[in-house]
Ligand SMILES: C[S@@+](CC[C@H](N)C(=O)[O-])C[C@H]1O[C@@H](n2cnc3c(N)ncnc32)[C@H](O)[C@@H]1O
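In my numbering, the protein residues as written are 27 to 261.
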């Protein structure tokens, strides 16, 4: 792997979670899902397993499969000591069927249509998908638009994404903005790692500068965009 990738992994290691998200947003999904997921749940792109832990605390009988492509995150997930099956793999190709496929902050790697198509065949009858995706929620400022045009050019509007979920043959059951708390918890951990790792190497400082640019945009422009947590089922 490259030096830049190693620096990236070091900066993003030891965090409570690897992307914006919150316990409450996931508990909300579990509360709305009818019937609630009582069997197998996939935590797709589980990172270090924060949401698998929330799922198991809420519903201890669940059979959780957590998949992530980074071995370091899967090791961290296993270190939580949960009764869950954490594996290195591709979130598009899980084995078997699920009552719920949950995916926080990773749909953008492939795009909405690709993940829904891949997951549809892995849903049991009454099975649902729930995922968070970052969307424009207000009139974007030039600064926010320019930053995200580079970081995530395919970022859609909230209504645009809703329409695409339905066009992909799914019914939206709920769509709740994540809100600031879900970003602050994630960025607070990153800020600590930045303080600890700044100056370690030129490569690390470049990776840190990119992350600081993202946080700086968030500090001024949050509200123009947010993650929205969707719960949906095949129509
Ligand atoms: C923003 S992080 C979110 C992690 C976790 N869901 C959370 O919220 O803490 C995105 C995760 O997607 C994983 N990832 C990216 N592409 C993947 C793929 N094709 N299959 C599985 N995991 C993938 C990354 O390794 C990373 O852990």
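Where is the CB? At the ideal position from N, CA and C, for every residue including glycine.
Bridge partners for residue i per DSSP, in chain order?
i, result
"residue 224", "In DSSP, residue 224 forms no bridge with anything."
"residue 90", "67 and 110"
"residue 80", "Note: residue 80 sits in no beta bridge, so no partner."
Whose C-alpha, out of the options, is nearest the C-alpha of residue i?
i, options, result
"residue 222", "29, 36, 32 and 28", "36"
"residue 104", "51, 77 and 123", "77"
"residue 166", "246, 144 and 154", "246"
"residue 89", "79, 130 and 97", "79"
"residue 215", "238, 199, 232 and 91", "238"
"residue 151", "66, 47 and 113", "66"
"residue 191", "147, 240, 108 and 140", "140"
"residue 203", "241, 252 and 236", "252"
"residue 200", "54, 149 and 41", "54"
"residue 134", "85, 181, 109 and 171", "181"
When you measure from the CB of residue i to every non-hydrogen atom of ligand 1, does any distance come out below 7 Å?
i, result
"residue 117", "yes"
"residue 127", "no"
"residue 103", "no"
"residue 94", "yes"
"residue 112", "no"
"residue 137", "no"
"residue 124", "no"
"residue 71", "yes"
"residue 43", "yes"
"residue 99", "yes"
"residue 186", "no"
"residue 131", "yes"
"residue 252", "no"
"residue 77", "yes"
"residue 47", "yes"
Which of helix, strand or coil does DSSP assign to residue i?
i, result
"residue 240", "helix"
"residue 31", "helix"
"residue 56", "helix"
"residue 269", "Outside the shown range of the chain, which is 27 to 261, sits residue 269, and nothing can be said about it."
"residue 104", "helix"
"residue 38", "coil"
"residue 48", "coil"
Measuring only between beta-carbons, confirm whether residue i sits less than 8 Å from chain B.
i, result
"residue 228", "Of the protein chains in this structure there is only one, and it is not chain B."
What does the Cβ neighbour count give for residue i, buried or exposed, with the cut at 16 atoms within 10 Å?
i, result
"residue 60", "exposed"
"residue 178", "exposed"
"residue 70", "buried"
"residue 119", "exposed"
"residue 114", "exposed"
"residue 64", "exposed"
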